[in-house]
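Reviewing the structure listed below.
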Amino acid sequence: MEQTLTFEALRQRIETIFRQAGMNAVQAASLSRVIAAGERDGCKSHGIYRIEGVLRTLKAGKVKGAAEPELDPGSDGAVVRVNAQGGFSNPAFELGLPVLADRAKQLGLAALVINDCTHFAALWPEVEAVADHGLAAMVMCPSYATVAPTGGTRPLLGTNPFAFGWPRQGREPYVFDFATSVAARGEIELHRRAGKPLPEGWAMDASGQPTTDPEAALAGAMLPFGGHKGSAIGTMIELLAGVMIGDLTSPEVLDFLGTTTLAPFHGELILALSPEKFAAGRKGDPFARAELLFGAIKDQGARLPSQRRFAARQKALAEGIVLTGAEVAQLDRLLEL
Ligand code: NDP
Ligand code: PYC
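Heads up: the sequence shown is residues 2 to 338, going by our numbering.
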């Protein structure tokens with residue numbers, strides 16, 4: 002039967018599932034926050050459906066549920082490094098964030114490099130957390146080879162998400178966060194589970210022919226968003242958040258895991274920039290000027306990215322998070338494991 006839960010009640014259920022599966026407190030708390038936030042904000046592709054993938058990855062021994070991320074003591078400049086020690090990316094981000102924010106405010110820009118992490122999450126919680134410090138943010142990471150470069154037919158690039166945040170005084174930040182494939186792979190899996198065909202232009206089958214069948218798409222290759230443009234941005238992410246930070250690229254992740262049914266293991270790059278430092282001595286207040294731009298976008302009847310998500314959050318915080326009967330049954334089953 003359908004159930005309505007508070008954010009905290011849902012988070013605690015998820016945390017209990019992870020603790021029962023052997024995760025330590027730091028990993029379980031951090032993961033439960035991002036997964037519950039996905040449900041709260043209406044982002045189903047990175048909500049509770051991800052729990053089973055996390056448990057499979059733990060069971061396969063491809064992620065360390067008891068890992069304690071470590072801040073590299075030699076990180077004393079603009080590049081702050083955290084080693085996730087084979088655990089999930091989210092607790093490593095939480096450990097590095099205060100240092101990243103201090104450095105970016107001091108220097109104008111700083112980077113947080115996370116190495117040796119398993120990463121399954123949406124990126125918007127991280128750009129929002131950086132924006133809460135009054136900083137602009139860009140976050141990116143590879144995934145595993147599931148996307149064909151434009152003109153190709155075989156999986157090579159990842160769905161490589163890219164997110165941006167800009168702080169706004171007294172309101173939610175400007176945030177966008179998307180896969181550099183036409184859609185996140187999680188969306189294809191949700192279509193498969195619902196028995197629904199994919200929109201045209203999302204994927205090709207294993208023989209390189211266009212398909213709307215989710216099974217055939219999962220066995221074939223996804224397409225980059227925006228043709229050659231998304232293909233190039235996806236490649237940039239492989240270079241900056243794979244090669245440059247000394248971590249795995251998407252094809253290397255697939256070689257390492259041998260499957261796309263487990264959460265991928267690689268690195269992540271988070272850039273934080275101080276608009277005040279960059280704009281110092283130039284035209285006007287950067288935050289006030291940004292508001293003019295946002296206002297002009299909305300004046301045309303367009304919406305800002307993340308407005309749907311922020312509206313979903315407000316509703317969920319006021320009225321609770323509604324889970325379907327099937328979702329409640331899934332959580333109950335996982336709690337009984
Ligand atoms: P979507 O295409 O659903 O959304 C992308 C962004 O565009 C969102 O910020 C969304 O805001 C905004 N948007 C959508 N429609 C409009 C509109 N009409 N006007 C203005 N803005 C709009 O995202 P994807 O399916 O590409 O990605 C979903 C999630 O998957 C992301 O959070 C991403 O981080 C995650 N992901 C994670 C991966 C990983 O390896 N960890 C890999 C790939 C994806 P809004 O939400 O308000 O609609
Ligand atoms: O939805 O594409 C995706 C994805 C891959 C890894 C985590 N999410």
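Note that CB positions come from ideal geometry on N, CA and C, so glycine has one too. None of the values given here were measured: they were computed from a predicted structure.
DSSP lists no bridge partner for F279. DSSP, reduced to helix, strand and coil, places D178 within a strand of the structure shown. Restricting attention to E40, A67, A22, the CA atom closest to the CA of R314 is found in E40. The Cβ atoms of R155 and A222 lie closer than 8 Å to each other. Taking non-hydrogen atoms of the ligand PYC into account, the C-beta of G187 is found less than 7 Å away from one of them.
DSSP places E53 in the uninterrupted alpha helix (DSSP H) bounded by 52-60. Comparing alpha carbon positions, the residue from L11, E239, S46 closest to P150 is E239.
Counting only runs of at least 3 residues, the segment 113-169 fully encloses the following beta strand (DSSP E) elements, listed from N- to C-terminal order: 137-141, 163-167.
Taking a C-beta distance under 8 Å as the contact criterion, G88 and K60 do not qualify as a contact pair. By the criterion of a C-beta distance shorter than 7 Å, A185 is surrounded in its chain by S46, T160, once the five residues flanking it on both sides are discounted.
Taking the Cα of L72 as reference, the smallest distance to any Cα among R57, P92, D214, K63 is reached at P92. By the neighbour-count definition (other C-beta atoms within 10 Å, threshold 16), S208 is an exposed residue. Assigned with DSSP and collapsed to three states, L338 falls in coil, not helix or strand. In this structure, the beta-carbon distance from G48 to L158 does not fall below 8 Å. At least one heavy atom of the ligand PYC is found less than 7 Å from the C-beta of S144. Measuring C-alpha to C-alpha distances from E201 to each of L335, V55, D214 identifies D214 as the nearest.
Boundaries of the beta strand (DSSP E) around H267: 266-274. Here the alpha carbons of F295 and Y175 stand approximately 9 Å from one another. Its chain contains A102 as the residues whose beta carbon lies nearer than 7 Å to that of H134, once the 5 sequence neighbours on both sides are disregarded; these appear in chain order.
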